[in-house]
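Following this line, the structure appears as structure tokens:
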């Protein structure tokens, strides 16, 4: 049994929450605010058309890159197929001479993309909107 205080002991019974705001089955959280009307409102502020990334470059060794939690490794990328695969006769043969490159990336999603941000942190056995933390078992 843990001696850690329960969430309500830390935050109080009147702590702000969005749980239930969009119904008991909601899995989007505040992304519900980003509807078509809000996208159009944001697009009105475009002035230059310049494109830029908001991501952290992954796999860098020369400075800021993957944020690493203690005990985690950085992203690992591996070529699976490239032109050398056809040179060595190890690649599938397709009509018309189609060749392609294929690779994989191994990374800790919670340290980079955050596409599952509402589903990987919990307190007192509850995820976002009151979902049971046991739903994370087995991926």
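Residue numbers (this note's numbering): 324 to 462.
Positions of the beta carbon are idealized from the N, C-alpha and C atoms, including for glycine.
Computed from a prediction, not measured in an experiment: that's the story for all the values here.
- Across the structure, residue 361 and residue 355 are spaced so that their CA atoms are roughly 10 Å apart.
- Under the three-pair Cβ rule at 8 Å, the stretch 425-432 counts as touching the stretch 393-411.
- Excluding five sequence positions before and after residue 459, none of the CB atoms of its chain fall closer than 6 Å to its own CB.
- Where residue 400 is concerned, there is no enclosing alpha helix (DSSP H), although the beta strand (DSSP E) around it starts and stops at 399-404.
- Excluding the 5 residues flanking it on each side, residue 342 has same chain C-beta neighbours closer than 8 Å at 451, 452, 453, in chain order.
- Between the beta-carbon of residue 338 and that of residue 447 there is about 12 Å, and that puts the pair past the 8 Å contact cut.
- Between the alpha carbons of residue 410 and residue 357 lies a gap of roughly 49 Å.
- Note that the C-beta distance between residue 443 and residue 432 is below 9 Å.
- Counting along the chain, residue 429 sits inside the beta strand (DSSP E) bounded by residues 425-429.
- It is roughly 28 Å from the alpha-carbon of residue 340 to the alpha-carbon of residue 363.
- The three-state reading of DSSP puts residue 349 in coil, since its state is none of H, G, I, E or B.
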